[in-house]
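Data first, discussion second: the structure below is written as structure tokens.
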């Protein structure tokens, strides 16, 4: 009897062992599949098939012959009536006679592009690795109406071999932009934040990293800085996901602005009064706007160029600025050819309340260093005291040239400030 029970126990233990081994094997296979799905694949940008149709539409688009007598051409947000006819006509002519998408695409493909499937999302990103042992991993996050293209000049600067600090640079396309897939319904900045933290840690294997963000990229960056304090060890921003304080709010907090910032505060208030109307349209009717302009490159150009011009330094295209007409045409061509004009707009609809105006603003739950650069022609203004209230501010710098697109308007100054991360990164 005991011998029979013994054999029975041996058989049962053997079965259990087999089941355990099978379970472990299945788990290993499952993990391998999961890791494989995250593994990035090389990617080459090729949108050339859509260029003939785009150029045909550009050439056939008829603009008015005379400007409306009520139109006002001004950099003042409260006075301008929008993009002047003469500016749009000039851009149209340059698009037809002076712009070369093939050359632009060749330049884009000098970078190392990848696609990775993370959960349900496909993420497009550039990943340029430094050969220097002290290189810091950094993710650069763009906004709208920019794209990953907006940050390639900064990437170039950060990869210079003679610079004081080296970086492994990652530049993704936000969901719905470029070659990243659109987001599911009700995706928020927090979801994008998690997505990009997974990109840096799970896909690329960086245990810690720094980040830089502008416009929507600053909203994502701030959320990453706040939420992933074990992995984000430094953040540089030139924009905050909070509205500028009004003069009344500044007075209530006893914040006294330096004389050089008075004009910046005035421009910020003008922007909030009349310059931000586009936000309401994109946050409430992105489909109407997107469908109206879907197969209309000149229409898309009018909508995008207005922002590139009005939000930049009035001296754009001179001095340190590379924000030329050609740059605007390159960005618009990417939106049109990649068919992302609609999908990129949905970040507004999904995050309509991102710019909080209730001070004091949310303070990030981290002790990691925060660095900030103030550009004089940005569309919002945050004095040093305000930036210090939302994070562990260790560096604040005001420069004298540049606007909302500093990687295009004054990349040398921006790169120099981003390199300051090396002094604080632990």
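Numbering (full-length UniProt numbering), first residue to last: 1 to 426. From the three backbone atoms N, C-alpha and C, an ideal C-beta is built for every residue, glycine too.
Under the three-state reduction of DSSP, residue 284 is assigned to helix. The alpha carbon of residue 55 has as its nearest neighbour, out of 97, 233, 204, the alpha carbon of 97. In this structure, DSSP gives residue 47 a state outside helix and strand, which the three-state scheme calls coil. The beta carbons of residue 409 and residue 313 sit closer together than 8 angstroms. The alpha-carbon of residue 358 is positioned some 9 angstroms away from that of residue 242. Of the residues 116, 77, 374, 102, the one whose Cα lies closest to the Cα of residue 258 is 374. For residue 374, the pairing in a beta bridge is given by DSSP as 398.
Comparing alpha carbon positions, the residue from 386, 315, 297, 405 closest to residue 91 is 297. By the C-beta density criterion, residue 348 is buried, having at least 16 other C-beta atoms within 10 angstroms. Burial check for residue 268: the Cβ neighbour count within 10 Å reaches 16 or more, so the residue is buried. Taking residue 43 as the centre and dropping the five residues before and after it, the same chain places the C-beta of 113, 114, 115 closer than 6 angstroms to its C-beta, in chain order. Apart from sequence neighbours up to five positions away, the residues of its chain that approach residue 372 with a beta-carbon distance below 6 angstroms are 237, 387, 396, ordered along the chain. A check of alpha carbon separations from residue 85 across 360, 67, 94 identifies 67 as the nearest. Out of 120, 132, 153, the CA that lies nearest to the CA of residue 126 is found in 153. Judged by DSSP in its simplified three-state form, residue 251 adopts helix.
Measuring C-alpha to C-alpha distances from residue 150 to each of 384, 213, 400 identifies 213 as the nearest.
Scanning its chain for C-beta atoms nearer than 6 angstroms, with the 5 sequence neighbours on each side dropped, one finds around residue 275 the residues 77, in chain order.
Within a 10 Å sphere around the beta-carbon of residue 350 sit 16 or more other beta-carbons, which makes this residue buried.
Residue state for residue 137 is assigned as strand, using DSSP reduced to three classes. The criterion of a C-beta distance shorter than 8 angstroms is not satisfied by residue 161 and residue 419. Residue pairing by DSSP places residue 41 opposite 115 in a beta bridge.
Restricted to the segment 127-175, the alpha helix (DSSP H) segments that are unbroken, complete and at least 4 residues in length are 152-158, listed in chain order. The alpha carbon of residue 332 has as its nearest neighbour, out of 147, 72, 134, the alpha carbon of 147.
Membership of residue 209 in the beta strand (DSSP E) is indicated by the continuous run 209-213. Look at residue 322 here: in three-state DSSP terms it is coil, with no helix or strand label. In the three-state scheme derived from DSSP, where H, G and I count as helix and E and B as strand, residue 391 is classed as coil. The Cβ-Cβ distance between residue 136 and residue 196 does not fall below 8 angstroms. DSSP, reduced to helix, strand and coil, places residue 232 within a strand of the structure shown.
Considering only 425, 380, 417, 400, the residue with the shortest C-alpha distance to residue 368 is 425. C-alpha of residue 103 to C-alpha of residue 109: approximately 10 angstroms in a straight line. Here residue 217 carries a helix assignment [DSSP, helix/strand/coil]. In this structure, residue 218 sits away from residue 199, with a CB-CB distance that is not shorter than 8 angstroms. At the C-beta level, residue 405 and residue 323 come within 8 angstroms of one another. Annotation for residue 110: no alpha helix (DSSP H) segment contains it, and DSSP assigns it neither H nor E.
Within the same chain, Cβ atoms closer than 7 angstroms to the Cβ of residue 122 are found at 115, 180, 181, the five residues on either side in sequence being excluded. Annotation for residue 269: the continuous alpha helix (DSSP H) segment containing it runs 262-270.
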